[in-house]
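Numbering (our numbering), first residue to last: 13 to 103. Think of the CB as a built atom: it goes at the ideal place given N, C-alpha and C, for glycine as much as any other residue. Every value quoted in this text rests on a predicted model; they were computed, and no experiment measured them.
This is how it looks when you write it as structure tokens:
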């Protein structure tokens with residue numbers, strides 16, 4: 013599903029204009045992004061939660077040459093599904 017399709021479904025579900033639904037979707041996306049940027053955890057119970065985790069520096073290989081390279085550590089966003097979402101997927 014694309015962002016446009018998602019927005020269309022939200023507009024239909026809430027019986028609002030597509031423009032208003034697009035603003036809502038964008039506001040949710042922006043708030044999650046900003047919260048994660050501040051290092052906060054975002055919990056949307058019972059859907060799931062987003063958090064930032066640190067990846068350590070590690071050694072890898074260049075697939076073309078086989079040369080060993082150092083891969084820098086970085087922060088990554090992680091999503092963990094809540095019980096309701098996990099149950100819906102297992103049906």
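Check, Outcome
"Could you tell me which of 49, 16, 35, 31 sits nearest to residue 90, measuring between CA atoms?", "49"
"Which residue from 84, 88, 25, 21 puts its Cα closest to that of residue 51?", "88"
"Cutting at 6 angstroms between CB atoms, please list the residues of its own chain near residue 55, excluding the five before and the five after it.", "61"
"Using the rule of at least 16 other Cβ atoms within 10 Å of the residue's Cβ for burial, across every protein chain shown, is residue 100 buried or exposed?", "exposed"
"Can you tell me whether residue 91 is helix, strand or coil according to DSSP?", "strand"
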